[in-house]
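Engineer: Residue numbers (our numbering), protein chains in the order written: chain V, 2 to 306; chain F, 197 to 482.
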Amino acid sequence: MYKRKSFPYYIFVFLAPAVIIYTIFMVYPLLNSLRMSFYTVTDNREVFVGLDNYFKLFTNSNFAPRFFGALKNNFIFFVIHMVVQNSIALVLAALISNESRRGANFYRTIYFMPTVLSVVIIGFIWNLILNPLWGVSKSILEVVNLGFLFKPWLGLPETALPTVALISVWQFIGIPMILFYAALIAIPEELMEAATVDGATAWGVFWRIKFPLIMPTVGIVSILTFVGNFNAFDLIYTIKGANAGPDFSTDIMGTFFYRTFFGQQLQLGDVPMGSTIAAMMFLIILTGVLLYTFVWQRRVQNIEM
Amino acid sequence: MKITSTELTSYKVRRFLAAAILQLILMVYVVIALFPIFMIVMNSFKAKKYIFGSPFALPTPTTFDLIGYETVIERSNFGTFFTNSLIVTLTSLALTLLIGAMAAFALSEYQFKGNTLLALYLSLGIMIPIRLGTVGILKLMVGLNLVNTLTGLILVYIAQSLPMAIFILSSFMRQVPKELKDAARIDGASEYRIFGLVIPLVRPAIGAIGIFTMIPIWNDLWFPLILAPSQKTATVTLGVQQFLGQFVSDWNAVLASLTLAVIPILIIYLIFSKQMIRSITAGALK
Chain V
2 MYKRKSFPYY
12 IFVFLAPAVI
22 IYTIFMVYPL
32 LNSLRMSFYT
42 VTDNREVFVG
52 LDNYFKLFTN
62 SNFAPRFFGA
72 LKNNFIFFVI
82 HMVVQNSIAL
92 VLAALISNES
102 RRGANFYRTI
112 YFMPTVLSVV
122 IIGFIWNLIL
132 NPLWGVSKSI
142 LEVVNLGFLF
152 KPWLGLPETA
162 LPTVALISVW
172 QFIGIPMILF
182 YAALIAIPEE
192 LMEAATVDGA
202 TAWGVFWRIK
212 FPLIMPTVGI
222 VSILTFVGNF
232 NAFDLIYTIK
242 GANAGPDFST
252 DIMGTFFYRT
262 FFGQQLQLGD
272 VPMGSTIAAM
282 MFLIILTGVL
292 LYTFVWQRRV
302 QNIEM
Chain F
197 MKITSTELTS
207 YKVRRFLAAA
217 ILQLILMVYV
227 VIALFPIFMI
237 VMNSFKAKKY
247 IFGSPFALPT
257 PTTFDLIGYE
267 TVIERSNFGT
277 FFTNSLIVTL
287 TSLALTLLIG
297 AMAAFALSEY
307 QFKGNTLLAL
317 YLSLGIMIPI
327 RLGTVGILKL
337 MVGLNLVNTL
347 TGLILVYIAQ
357 SLPMAIFILS
367 SFMRQVPKEL
377 KDAARIDGAS
387 EYRIFGLVIP
397 LVRPAIGAIG
407 IFTMIPIWND
417 LWFPLILAPS
427 QKTATVTLGV
437 QQFLGQFVSD
447 WNAVLASLTL
457 AVIPILIIYL
467 IFSKQMIRSI
477 TAGALK
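(1) Compare the C-beta of Gly200(V) with all C-beta atoms of chain F and state if any pair is closer than 8 Å.
(2) Going along the segment 420 to 445 of chain F in order, which residues come within less than 7 Å of chain V, judged by CB to CB distance?
(3) Anything in the segment 254 to 285 of chain V with a Cβ closer than 7 Å to a Cβ of chain B? List those residues in chain order, please.
(4) Using 10 angstroms around the beta-carbon of Met282(V), count the other beta-carbons present and answer buried if the total reaches 16, otherwise exposed.
(5) Per DSSP, Gly264(V) forms a beta bridge with which residues?
(6) Closest Cβ-Cβ distance between Asp235(V) and chain F: below 8 Å?
(7) Can you give the Cα-Cα distance for Pro255(F) and Asp252(V), rounded to whole angstroms?
(8) On the criterion of 16 or more Cβ atoms from any shown chain inside 10 Å, does Pro158(V) qualify as buried, or is it exposed?
(9) What is the DSSP secondary structure of Val343(F), reduced to helix, strand or coil?
(10) Please return the same chain residues whose Cβ sits closer than 7 Å to the Cβ of Lys482(F), not counting the five positions on each side in sequence.
(11) From this set, Phe59(V), Gly148(V), Val165(V) and Phe78(V), which residue's C-alpha is nearest Leu236(V)'s C-alpha?
(12) Taking beta-carbon pairs under 9 Å, can you tell me which members of the segment 7 to 31 of chain V lie near chain F?
(13) Quick check on Leu466(F): buried or exposed, where buried means 16 or more other Cβ atoms within 10 Å of its Cβ?
(14) Under a CB-based cut-off of 8 Å, is Met114(V) close to chain F?
(15) Quick check on the DSSP output: what are the complete alpha helix (DSSP H) runs of length 4 or more inside the segment 93 to 125 of chain V, in order along the chain?
(16) Work out the CA separation of Val394(F) and Ala302(F) for me, nearest whole Å.
(17) Where does Trp127(V) land, buried or exposed, given buried means 16+ other C-beta within 10 angstroms?
(18) Would you call the segment 66 to 81 of chain V and the segment 205 to 220 of chain V touching, i.e. three or more CB-CB distances under 8 Å?
(19) Tell me, which residues are paired with Glu47(V) by DSSP?
(20) Name the residue from Phe64(V), Thr60(V) and Ser119(V) whose alpha carbon lies nearest to the alpha carbon of Val458(F).
(21) Determine the direct distance from the alpha carbon of Ala17(V) to that of Gly321(F), and round the result to whole angstroms.
(22) Chain V partners of Ile217(F), CB-CB under 8 Å?
(23) Tell me whether Phe64(V) sits in a helix, a strand or coil according to DSSP, three-state version.
(24) Where does Phe258(V) sit, in a helix, a strand or coil, going by DSSP?
(25) Which class does Phe151(V) belong to by DSSP, given the choice of helix, strand or coil?
(26) Kindly indicate the opening and closing residues of the alpha helix (DSSP H) around Asp378(F).
(27) Take Leu328(F) as the anchor and find which of Tyr11(V), Pro9(V), Val296(V) and Pro30(V) has the nearest alpha-carbon.
(28) Under 8 Å between C-beta atoms, does Met323(F) make it to chain V?
(29) If you draw a straight line from the alpha carbon of Thr202(F) to that of Ala214(F), how long is it in whole angstroms?
(30) Helix, strand or coil: which one does DSSP assign to Leu481(F)?
(31) Let me confirm a value: Gln356(F) is counted as buried when at least 16 other C-beta atoms fall within 10 Å, else exposed. Which label applies?
(32) Consult DSSP for Phe278(F) and reduce its assignment to one of helix, strand or coil.
(33) Taking Cβ-Cβ distances shorter than 8 Å, what residues in chain V pair up with Ser519(F)?
(34) Sorted by chain position, which residues of the same chain lie with C-beta nearer than 7 Å to Ser426(F)'s C-beta, five sequence neighbours on each side aside?
(35) Just by C-beta distance, which residues in the segment 392 to 406 of chain F are closer than 8 Å to chain V?
(36) Which of the three DSSP states, helix, strand or coil, is assigned to Phe249(V)?
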């Protein structure tokens with residue numbers, strides 16, 4: 002490292018703008034929101050109430066059913082992403098990684114395309130495609146003689162949540178796909194050649210050699226999915242509105258937070274309770290990130306050694 | 197072991213079949229990925245009767261109609277929304293790149309007390325979504341009188357984008373050869389001058405950051421909805437969301453406004469996609 006005699010003011014000059022903006026507009030508001038979860042507001046004055054807001058969230062009949070409902074829906078939302086999105090992404094990445102350069106370039110560019118579009122646009126597009134009035138999806142099912150399967154999936158309480166989750170999968174599949182692809186093409190060619198010479202099938206090579214080698218990426222994809230899902234909001238707000246209908250069946254933490262913080266129709270916004278929900282989301286996401294960092298990454302490192 | 201010619205042929209046939217099936221799977225997903233977008237764009241150029249009558253047919257001179265686009269241009273402030281989105285996205289991106297590059301340069305170039313800790317502090321934002329601080333952000337913006345201003349949005353987006361930008365830029369900056377910088381130092385260049393020398397060398401990182409910061413900002417609904425919901429400051433994403441809410445039953449207008457919102461971002465994507473994918477596959481994000 003380079004050393005100078007005079008005090009290195011330039012280090013401060015380089016760092017100050019980033020540290021200041023990041024601290025004022027991200028860290029401070031986040032801490033302030035967490036603090037608000039221990040307060041209540043009466044007559045415009047903040048009063049410290051300890052953990053009362055949390056007890057209210059877990060036990061009050063206005064909050065508890067919505068909170069546990071949103072939590073459960075959010076877990077289902079996450080599981081659908083893990084199972085459907087990440088396994089299809091892995092298959093597509095594995096297939097593309099065997100393509101020629103030009104072919105791979107073509108497919109990955111197209112597969113990533115929905116990911117760059119706004120969730121709002123995606124929400125409306127699928128709303129139209131699935132709309133019984135337009136009947137596009139019904140006609141497609143009829144082509145393969147499955148027309149009888151068609152239902153207004155977004156409108157029924159049993160199917161609304163999986164449908165919204167699958168729309169989200171359709172949109173975001175590009176991210177795990179490209180990460181898996183990057184990991185797969187980084188595997189040295191010699192490793193696979195050696196195995197192929199030993200008579201292993203493509204299937205065997207994939208599961209016994211490639212998959213263990215991309216374990217670190219499996220971890221990254223899982224934690225990105227987790228954080229993204231527990232922070233989701235836009236798609237459900239666009240398709241189903243802040244009430245996440247029908248009958249709260251698509252309500253997840255993000256929509257619950259928005260409704261509570263800003264209020265809806267006749268109900269006024271509740272800042273302390275909104276903060277409490279945000280704090281719970283923070284705790285959930287933090288737990289996921291810590292588990293990933295200290296349990297998963299350590300285990301993967303041990304295996305590699 | 198002897199291989200007969202029939203065995204060889206059947207092996208070749210099997211190889212060919214396997215390759216064909218793989219191509220088929222890949223093409224099926226191409227259709228799945230593109231079909232919904234294609235349906236919207238194609239039908240936006242048709243008269244209402246044909247949107248419903250023959251949704252799968254391409255527009256022909258008889259079915260062609262721009263009524264949807266006329267409605268959107270007359271009834272919505274699409275121009276304003278578009279300008280707002282451009283201002284917010286480009287300003288945030290430019291400032292994130294400048295401020296992020298400065299911080300990344302300091303973190304990767306100088307060893308000082310607390311370097312690692314500061315790098316860790318700045319990278320927290322990669323994993324912890326800024327939305328969780330919304331209550332605090334809104335309070336702060338009310339206090340600073342920045343509600344319903346583009347400035348408020350820009351400041352939040354810079355804070356949101358900095359962690360990832362600093363992370364990517366530092367990893368690129370560490371690869372810049374030391375000799376280059378030391379040679380400049382011997383020539384008496386100031387540290388600011390050396391920073392200026394390094395910037396052009398990390399240009400490939402800009403593609404990745406461009407995609408990873410620009411697209412989430414352009415597409416964001418949350419902060420425009422909460423911090424700047426007025427008609428004057430609405431971005432394309434929020435504007436389209438509200439416009440679509442009002443015109444739900446006007447299919448021509450809905451399809452046209454969706455198309456108008458999709459096209460610019462797809463063009464930007466196609467320009468940047470190679471650079472972006474290359475920087476991901478080059479391991480910049482590992």
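Where a beta carbon is used, it is the ideal one built from N, C-alpha and C, also for glycine.
Structural biologist: Let me lay it out:
(1) no
(2) Thr433, Val436, Gln437 and Leu440
(3) The structure shown contains no chain B; its protein chains are V and F.
(4) buried
(5) Leu269(V)
(6) yes
(7) 39 Å
(8) exposed
(9) coil
(10) Residue placement at Lys482(F) is poorly supported in this model, since its pLDDT is 41, which falls under 50; the coordinates still yield a value, given next. So no residue of the chain qualifies.
(11) Val165(V)
(12) Pro9, Tyr11, Ile12, Phe13, Val14, Phe15, Leu16, Ala17, Pro18, Ala19, Val20, Ile22, Tyr23, Thr24, Ile25, Phe26, Met27, Val28, Tyr29, Pro30 and Leu31
(13) exposed
(14) yes
(15) 102 to 117
(16) 12 Å
(17) buried
(18) no
(19) Val42(V)
(20) Ser119(V)
(21) 17 Å
(22) Under the 8 Å cutoff, chain V gives no residues; its nearest Cβ is about 10 Å from Ile217(F).
(23) coil
(24) helix
(25) coil
(26) Lys374 to Ile382
(27) Pro30(V)
(28) yes
(29) 18 Å
(30) Reliability fails at Leu481(F), whose pLDDT of 45 lies under 50, so the model's placement of it is uncertain and the value that follows must be treated cautiously. Leu481(F): coil per DSSP, three-state reduction.
(31) buried
(32) helix
(33) Because chain F in this structure spans residues 197 to 482, residue 519(F) falls outside the shown range and cannot be described.
(34) Asn344
(35) none
(36) coil
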